[in-house]
Amino acid sequence: MSDVVCLSAAPGIQLFHKGPALDHGPLPSFFYFALSGPDSLTLDPFNQPVQFLQNRMIRIFSMTLPAHESPLSPKDALRVWAEEYAQGKDPLGTFLDQAEIAVDYAIQQRFVDPEKMAIGGLSRGGFIACHIAARREVFRSIVAFAPLTQLHHAQEFHALRSHPAVLNLSLDTLSKRLVHRRIRMYIGNDDRKVGTETCFAFAMSVVAAAEKQKVRQPQVELFITPSIGHQGHGTSVATFQQGAEWIATNLSQ
56 MSDVVCLSAA PGIQLFHKGP ALDHGPLPSF FYFALSGPDS LTLDPFNQPV QFLQNRMIRI
116 FSMTLPAHES PLSPKDALRV WAEEYAQGKD PLGTFLDQAE IAVDYAIQQR FVDPEKMAIG
176 GLSRGGFIAC HIAARREVFR SIVAFAPLTQ LHHAQEFHAL RSHPAVLNLS LDTLSKRLVH
236 RRIRMYIGND DRKVGTETCF AFAMSVVAAA EKQKVRQPQV ELFITPSIGH QGHGTSVATF
296 QQGAEWIATN LSQ
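Residue numbers for the sequence shown follow my numbering, so the first one is 56 and each next one is one higher.
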């Protein structure tokens with residue numbers, strides 16, 4: 056496994072890569088989001104899925120989430136997001152536009168096999184991954200570990216519970232665009248940070264959207280396991296491994 060490589064997808068847009076050398080031609084690829092781009096790929100335990108995929112011919116890409124740039128602390132990121140939305144800004148919309156540019160860049164440069172692309176993330180990264188997948192159909196498989204599904208559920212957004220822009224970012228607004236994807240989510244049975252119930256509700260919203268579109272057997276899975284960690288929001292090594300292996304299997308098909 057090579058070191059992290061920083062690619063310039065466009066002016067001001069960095070895409071980070073870890074995996075087989077980029078001159079080997081297009082390969083199956085996994086876009087993974089958790090913190091900053093480098094930390095998502097290298098910082099344990101947040102990079103556990105990356106670790107479990109490191110011995111396979113799979114390229115892994117990441118980007119730095121909004122408000123995760125140095126010297127900002129990831130612990131303050133949601134507060135920063137909330138403050139910006141309160142000011143009428145749209146930090147996530149801007150980031151999602153940049154992510155689309157980065158995905159196009161990876162395809163145009165033939166770093167990725169566009170028929171074998173997956174996406175995923177941890178907590179807020181899972182939230183971001185679902186939004187990117189809804190915009191780009193090339194991502195056929197989505198894995199989300201303890202995903203944030205509703206911004207207004209987060210404590211930092213309580214003052215913005217009725218803010219239209221915040222409500223419009225809830226993952227259930229994406230359901231009809233995700234019915235043809237393979238989706239797997241993991242959540243603790245008492246996750247008080249992002250909400251076990253809201254994660255379940257999102258999964259069922261995709262199933263309901265599939266029924267309306269007459270899509271049989273929607274490939275939506277939700278694994279609810281005993282909660283661990285602070286506020287029940289932790290993810291076990293075994294869960295990360297299971298999710299990574301699921302991604303590897305889908306990318307090999």
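C-beta atoms are modelled at their ideal positions from N, C-alpha and C, and glycine is treated no differently.
The model shown is predicted, which means the values in this text are computed figures rather than measured ones.
Is the beta carbon of residue i sitting closer than 7 Å to the one on residue j?
i	j	result
L62	L70	yes
R216	H207	yes
L203	S230	no
A189	R232	yes
Q205	T251	no
P66	K171	no
S117	S95	yes
H123	A132	yes
Y140	A220	yes
V275	A258	yes
I68	Y87	no
Return helix, strand or coil for residue i, following the three-state DSSP convention.
i	result
M56	Interpretation of M56 is limited by its pLDDT of 40, a score under 50 that renders its predicted location unreliable; no figure is taken from the coordinates.
P81	coil
F166	coil
F101	coil
M259	helix
K269	coil
R134	helix
H207	helix
R191	coil
R216	coil
S117	strand
I156	helix
Q308	coil
Within the same chain, show all residues whose beta-carbon is closer than 7 Å to that of residue i, passing over the 5 residues directly before and after it, in chain order.
i	result
R28	What the structure shows of the chain is the stretch from 56 to 308, and residue 28 is not part of that stretch, so it cannot be assessed.
A64	L70, I156, A157, Y160
P93	V59, F71
M56	Caution applies to M56, whose pLDDT of 40 falls short of 50 and renders its modelled position unreliable; the model cannot decide the point.
Tell me which same chain residues have a C-beta within less than 8 Å of the C-beta of residue i, skipping the five on either side of it?
i	result
G298	P104, G175, V198, F200, R239, Y241
P169	P81, I162, V193
Among the options, whose alpha-carbon lies nearest the alpha-carbon of residue i?
i	options	result
Q210	H186, V249, S225, L222	V249
I283	F295, A89, D246	D246
G180	L151, V167, R191	L151
S128	S260, R111, S91	S91
If I measure Cβ to Cβ from residue i and keep anything under 6 Å in the same chain, skipping five residues before and after, which residues do I get?
i	result
V135	A122
H288	A201, D246, K248
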